[in-house]
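J.: Note that the protein sequences, when read in sequence, are chains A and B. Throughout the first sequence, residue numbering follows our numbering, covering 23 to 315 in sequence. Throughout the second sequence, residue numbering follows our numbering, covering 7 to 604 in sequence.
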Amino acid sequence: MTTATKVQRNPKDYEGLKPVWCPGCGDFGVLNALKKVLADLDLDPKDIALVTGIGCSSQISSFLKAYAFHGVHGRLLPVATAIKLMNPRLTVIGAGGDGDGYAIGLSHFLHAVRRNVDITYIVMNNQVYGLTKGQASPTAAPGFVTSSTPQGTKERDVDGVKLALAAGVTFVARGFSGDVPQLVKLFKEAILHPGFALVDVLSPCVTYNRVNTYDWFRENIINLDEDPEYDPTDRVRVLAKIMTLDRIPTGLIFKDPSSKPYSRLVLKDPDSPPALEDLRVRPELAELQEQFV
Amino acid sequence: MGELRVNDLSVRIGGQAGDGSLTTGDLLAKVLKRMGLWVVAIKDFPSRIRGGHTNYTIRAKDAPIWGPGNSLDFLLAFDMESVEIHAGEIQPGGVVVYDNSRGEQIPDALRADGVQYLGVPLSNLARSELGLELMKNTVALGVLAELLSLDDGIFYDILTATYGRKGAAVVEKNKKAFDLGRKQAAQAPKPPYRISGSGENSRRLLITGDEAIGYGALVAGCRFLAAYPITPATDILEWMAKHLPNSNGVVIQAEDELAAINMAIGAAHAGARAMTATSGPGFALMTEAMALAGMVEVPVVIVDCQRPGPSTGLPTKTEQGDLNHAVFGAHGDFPRIVLSPANAEEAFYLIAEAFNLAERFQCPVIFLTEQLVAMSKQTIPPLDLSRITIDRGKLVREPIQNSGEWPFRRFAITEEGISPRPIPSVPGGMFIAKGSEHLETGAYSESPKNRALMTLKRMRKLERAKEAVPPPVITGDPAARVGIVGFGGTYGPILEAMEMLARRGITTKYLRLRTLWPFPVEDVRAFVEESDVVFIVEQNATGQLRGLVERFVGPQEKLESLLKFDGQPFKPLEIATRIDALLVEPERVPTRTDRARR
């Protein structure tokens, strides 16, 4: 066996196809931060499974070099869940938009939180459906006027962070595409977290959302990472705090240090990935017939 | 009194759901199987937990059987509703045993000549002598054993095996209940039955289609099942939940069928053999992702245990109404394979083949069965695991030397349409599994030329699959001019109908499709061409199988549909009678009758 020389990876090693997002799109910040984190963590691209749904942001699976799966709308979490269980050695990252995760995929989101599978879920949250040209998404604030809501939205908006907290999430953070260094920090912690980790990223749509712009977010967010008093391990106090803030909290919002990933609970031998098993017919399984005799 | 009937028996146990009739039926089925008979135990129960009429039919014969018989011999009725519903089906010589604890009497209108009506205070005895009304089930078994002059020994063995884990006291109590039942019937006239069995072949299995599917999948290397509970497929989920983890596999009870199939697709993409199991309503929800599996060329096995639709339909009854959905459902053109087993034995081997076909052709395989097969217990020979092979097709697990090219050409356009399939973590194999139209690498493409080439590439796999899928099974007299075509659980009733027709001088032949898609055009065409008339037997209202035969083979004027869509399985007599009747109606089947009757 030869000893391989350790080569420090750099973000370019994860460069995929050329992004086709609009210039200035918030999703560039996510892509750049993700490449930096993967390099910092020295992850081999072949050992990364990137799973995305449908929408502008879900195209990220083509823009980053990894084993990519670009499935149907709203179902990236079930796909990612099973990939991780069948091969826990992989770093599994799910990424999609707010429509994908909080509208059509909302049920899977809450159940993924419940299962606490060791995957990182990045939601690029821009309050609109960009790929279909600007309809309101479930995270749009009441009154938000779009082509599909000319009188303004009449529904209350969904807050994925609060939902996740209430559903028992073991890691949740919120970042902002305008602050890539913070995204790097949050993504790194999320990937290292042994359980389901949500990072909701405020990722402005520069084409269809003229309200929630970079400047608007800068004025309306509050970075909890900068608050030395803030304790991200007390779920009740975290919820009480963020429910009463008049600004949108960013940073590491909550982390359960005792999290146990689902794969450890359901796999008899988590160190032997079922996906890598050399399948053969096992004659000893004939004994199972006894129950039918 | 009718003539003596030897080793041919149908017993129906009727009562309210939750009464314990399923347990009683299972006990009786095991006893008869242990005696060396072939047994089929058919559940007909309401879609609720307690209350509502339920019945369980245990049929035993000294030859293989897979479905209901033509009539009933015994009825164990725990309430008068059961008598009202079923007493009319008891043939002369048979016995109706009914609970008369509250002085119930069978009105004359329900009585038939030659049938014995034996009132036994089943629940009173159970309460007063044994302290538990539920013991009436075992008392009733004793009554039946006495009427049929069956030995205590096997009953005691089965009672011990069934209740042993609840402790010796429970076993003794059941034996006492059984003896009590015997005494109640000691003075009753013995009906003309002789059940002796051969005493041999007690190694045969008594297994449901659902259990056989789970077991076969496990042996074939399935390591992942995600499913949402739904009758009549739930037993697959439950069986695998018990056994798959021992093989380092995972069973997930998903939040819905959308999640279930997407999970199975994810597991298969990762490199594991993966399956989901559902019924019509869930299968409908899975349709979008089935097309995804077709587009990203992921091998996934989808079991659809059909029940009558549309919508919720009749959740606990049987039908074959999902055929069109299995074959044509979902948007866009993509290759798929649809298989259907005749019974539990074939389900075991065929589900294993489903995994091989899915991986060889990198496409969804739909395993179409139905409530009759899925939930009935059937007697089958011991299963031979050495008949199962594992073929993973073009799965790539070794590093790919491609000098850093990225993305890997996972969807390379090949002559046979099948491309190498690396799994995540294989060096050099990174690609984009994309549900949108894509280039050979998986990169998105709207190029008209590429679109056409890729569509053809995917569909070419189906051409190859035609040579690999299980061909139809043809039985009966090859020279017969009357043909029968069917698939799935109509197998048992059709075979018995053919025997009945043969006794009436009508010889028939029978083509049973194991593969519904790709449709075995040549085999069916040859069969139809060599027949004067072809009866297409299926359990749906619109003749969905006939539709396939007409589309690919024709000719319409040769085809006759035999349909049943009331939720109940075909009885052999229904098939035989309708074929016989149609053959003698010259205006319906001109000129064929004489040739058919030989």
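Quick reminder that beta carbons are idealized off the backbone N, C-alpha and C, glycines included.
1. Considering just the uninterrupted stretch of the alpha helix (DSSP H) at Phe209 (chain A), what are its terminal residues?
2. Does DSSP put Ala71 (chain A) in a helix, in a strand, or in coil?
3. Determine the contact status of Glu446 (chain B) and Ala418 (chain B), defining contact as a CB-CB distance below 9 Å.
4. Could you name the residues of chain A that Phe525 (chain B) contacts, counting a contact when the two beta carbons are closer than 9 Å?
5. Are the CB atoms of Phe131 (chain A) and Gly182 (chain A) within a distance shorter than 9 Å?
6. Confirm, please, whether the CB-CB distance from Val555 (chain B) to Val540 (chain B) is below 9 Å.
7. If you follow the alpha helix (DSSP H) that Trp245 (chain B) is in, where does it begin and where does it stop?
8. Leaving out five residues before and five after Asn546 (chain B) in sequence, what residues of the same chain have Cβ atoms less than 8 Å from its Cβ?
9. So which residues on chain B does Thr103 (chain A) lean against when the C-beta distance must stay under 7 Å?
10. What residues from chain B crowd round Val303 (chain A), counting only those whose CB sits closer than 8 Å?
11. Any residues in the segment 282-293 of chain A with a beta carbon nearer than 7 Å to a beta carbon of chain B? Which ones, in chain order?
12. Would you kindly check if the distance between the Cβ of Ile126 (chain A) and the Cβ of Ala71 (chain A) is under 9 Å?
13. How big is the Cα-Cα spacing for Glu566 (chain B) and Gln122 (chain B)?
14. For Val94 (chain A), return the contacting residues in chain B, with the cut-off set at a CB-CB distance below 7 Å.
15. So which residues of chain A does Ile429 (chain B) contact, with C-beta pairs closer than 7 Å?
16. Return the chain-ordered list of same chain residues with a C-beta closer than 7 Å to the C-beta of Glu139 (chain B), the five sequence neighbours on each side being excluded.
17. Sorted by chain position, which residues of the same chain lie with C-beta nearer than 6 Å to Leu38 (chain B)'s C-beta, five sequence neighbours on each side aside?
18. Spatial neighbours of Arg598 (chain B) within its chain, please: C-beta separation below 6 Å, excluding the five flanking residues on both sides.
19. Could you check the C-alpha separation between Ala274 (chain B) and Ala280 (chain B) for me, to the nearest Å?
20. Can you grab the Cα-Cα spacing for the pair Gln384 (chain B) / Trp72 (chain B), in whole Å?
21. Determine the burial state of Trp122 (chain A): buried for a count of at least 16 other Cβ atoms within 10 Å of its Cβ, exposed for fewer.
22. Kindly indicate if chain B contains any beta-carbon less than 9 Å away from that of Leu39 (chain A).
23. Check each candidate in B:Glu359, B:Leu378, B:Met381, B:Val379 and name the one with the smallest Cα separation from Lys372 (chain B).
24. Need the endpoints of the beta strand (DSSP E) that Ala151 (chain B) sits in, please.
25. Would you list the residues sitting across from His275 (chain B) in a DSSP beta bridge?
26. Starting from Ile213 (chain B), find everything on chain A with Cβ-Cβ shorter than 8 Å and list it in chain order.
27. Is any beta-carbon of chain A found at less than 9 Å from that of Leu38 (chain B)?
28. For the putative contact between Ser294 (chain A) and Pro216 (chain A), defined by C-beta atoms under 8 Å, what is the C-beta separation to the nearest angstrom?
29. So what does DSSP say about Met86 (chain B), is it helix, strand or coil?
30. Taking only runs that begin and end inside the segment 10-97 of chain B, name each unbroken alpha helix (DSSP H) of 4 or more residues, in chain order.
31. State the DSSP-derived secondary structure class of Tyr516 (chain B), mapped to helix, strand or coil.
32. With burial defined as no fewer than 16 other Cβ atoms inside 10 Å of the residue's Cβ, what is the status of Met265 (chain A): buried or exposed?
33. Determine which residues of the segment 240-264 of chain B have a Cβ less than 9 Å from any Cβ of chain A, and write them out in chain order.
34. My assumption, with CB atoms under 8 Å, is that Gly51 (chain A) sits in contact with Val228 (chain A). Please give the rounded CB distance.
35. On the CB-based measure, 16 or more other CB atoms within 10 Å of its CB, does Pro561 (chain B) come out buried or exposed?
36. Relative to the ligand NAP, is the shortest distance from any of its heavy atoms to the C-beta of Thr521 (chain B) smaller than 8 Å?
T.: Taking the structure as given:
1. Within the first sequence, residue 209 (chain A) is the residue found at index 187, counting from 1. Residues 202-214.
2. Numbered from its first residue, the first sequence carries residue 71 (chain A) at position 49. Strand at Ala71 (chain A).
3. By 1-based counting over the second sequence, the position of residue 446 (chain B) is 440. By 1-based counting over the second sequence, the position of residue 418 (chain B) is 412. Their beta carbons are under 9 Å apart, which means Glu446 (chain B) touches Ala418 (chain B) by this criterion.
4. Along the second sequence, one-based indexing puts residue 525 (chain B) at 519. Simply none; closest approach about 28 Å.
5. Residue numbering aside, residue 182 (chain A) sits at position 160 when the first sequence is read from its first letter. Residue numbering aside, residue 131 (chain A) sits at position 109 when the first sequence is read from its first letter. Taking 9 Å as the Cβ cut-off, Gly182 (chain A) and Phe131 (chain A) qualify as a contacting pair.
6. The residue you call residue 540 (chain B) lines up with position 534 of the second sequence. The residue you call residue 555 (chain B) lines up with position 549 of the second sequence. It is a contact, given that the beta carbons lie within the stated cut-off.
7. Taking the first residue of the second sequence as position 1, residue 245 (chain B) is located at position 239. Note, Trp245 (chain B): alpha helix (DSSP H), 240-249.
8. Counting from one through the second sequence, the residue named residue 546 (chain B) turns up at place 540. Contacts found: Glu325, Gln326, Gly327, Leu329, Leu569, Phe571.
9. Locating residue 103 (chain A) in the first sequence gives position 81, counting from the first residue. In chain order: Met269, Gly272.
10. The residue given as residue 303 (chain A) occupies position 281 in the first sequence. Result: Val225, Ala226, Gly227, Leu391, Ser392, Ile394, Thr395, Ile396.
11. Val288, Leu289, Lys290, Asp291
12. By one-based count along the first sequence, residue 71 (chain A) stands at place 49. By one-based count along the first sequence, residue 126 (chain A) stands at place 104. Going by C-beta atoms, Ala71 (chain A) is not nearer than 9 Å to Ile126 (chain A).
13. The sequence position of residue 566 (chain B) within the second sequence is 560, counting from 1. The sequence position of residue 122 (chain B) within the second sequence is 116, counting from 1. Answer to the nearest angstrom: the Cα atoms are 41 Å apart.
14. The residue labelled residue 94 (chain A) in the question sits at position 72 within the first sequence. Per Cβ cutoff of 7 Å: Glu294, Ala295, Leu298, Gly441.
15. Start at 1 with the first residue of the second sequence, and residue 429 (chain B) comes out as number 423. Near Ile429 (chain B) (Cβ distances below 7 Å), the residues of chain A are Ala297.
16. The sequence position of residue 139 (chain B) within the second sequence is 133, counting from 1. Taken in chain order, the residues that qualify are Ser129, Ala132, Arg133.
17. The residue given as residue 38 (chain B) occupies position 32 in the second sequence. Answer for Leu38 (chain B): Val45, Ala66, listed in chain order.
18. As a first step, residue 598 (chain B) must be located in the second sequence, where it is residue number 592. Any reading at Arg598 (chain B) must be qualified, since the residue scores a pLDDT of 44, below 50, and its modelled position is unreliable; the value itself is stated next. Result list for Arg598 (chain B): Asp538, Val539, in chain order.
19. For the purposes of this step, residue 274 (chain B) is identified with residue 268 of the second sequence, where counting begins at 1. For the purposes of this step, residue 280 (chain B) is identified with residue 274 of the second sequence, where counting begins at 1. Approximately 5 Å, taken between the alpha carbons.
20. Along the second sequence, read from residue 1 onward, the residue named residue 384 (chain B) stands at position 378. Along the second sequence, read from residue 1 onward, the residue named residue 72 (chain B) stands at position 66. Approximately 7 Å between the Cα atoms of the pair.
21. Locating residue 122 (chain A) in the first sequence gives position 100, where the first residue counts as 1. According to the sequence as given, residue 122 (chain A) is Asp; it is not Trp. Its Cβ being crowded by 16 or more others within 10 Å, Asp122 (chain A) is buried.
22. Numbered from its first residue, the first sequence carries residue 39 (chain A) at position 17. So, interface residue.
23. The residue you call residue 372 (chain B) lines up with position 366 of the second sequence. For the sequence presented, residue 372 (chain B) should be read as Ile rather than Lys. For Ile372 (chain B), the nearest C-alpha among the options comes from B:Glu359.
24. In the second sequence, the residue the question calls residue 151 (chain B) occupies position 145. First-last for Ala151 (chain B): 142-153, but that is the alpha helix (DSSP H), not the beta strand (DSSP E).
25. As a position in the second sequence, residue 275 (chain B) is number 269, starting the count at 1. BP columns for His275 (chain B) are empty, so no partner.
26. One-based indexing of the second sequence puts residue 213 (chain B) at position 207. Those are Phe314, listed as they occur along chain A.
27. To locate residue 38 (chain B), count along the second sequence from 1; it is residue 32. So, not an interface residue.
28. Stepping through the first sequence from its first residue, residue 294 (chain A) is reached at position 272. Stepping through the first sequence from its first residue, residue 216 (chain A) is reached at position 194. Contact doesn't hold; Cβ gap of about 18 Å is too wide.
29. On the second sequence, position 80 is the one that residue 86 (chain B) refers to. The answer is helix: DSSP assigns Met86 (chain B) an H, G or I state.
30. 27-40, 86-92
31. Within the second sequence, numbered from 1, the residue matching residue 516 (chain B) stands at position 510. Assignment of Tyr516 (chain B) by DSSP, reduced to helix, strand and coil, places it in the strand class.
32. Position 243 of the first sequence holds residue 265 (chain A). So Met265 (chain A) ends up on the exposed side.
33. Across the segment 240-264 of chain B, CB contacts with chain A closer than 9 Å involve His249, Pro251, Asn252, Ser253, Asn254, Gly255, Val256, Val257, Ile258, Ala260, Glu261, Asp262, Leu264, in sequence order along the chain.
34. Sequence index remark: in the first sequence, residue 51 (chain A) carries index 29 (1-based). Sequence index remark: in the first sequence, residue 228 (chain A) carries index 206 (1-based). Actually they do not touch by this definition, with Cβ atoms about 12 Å apart.
35. What you label residue 561 (chain B) is simply residue 555 of the second sequence in a count that begins at 1. By the neighbour-count rule (16 or more Cβ atoms within 10 Å), Pro561 (chain B) is not buried but exposed.
36. By its list of ligands, the structure shown contains no ligand whatsoever, and the ligand NAP lies outside what it can speak to.
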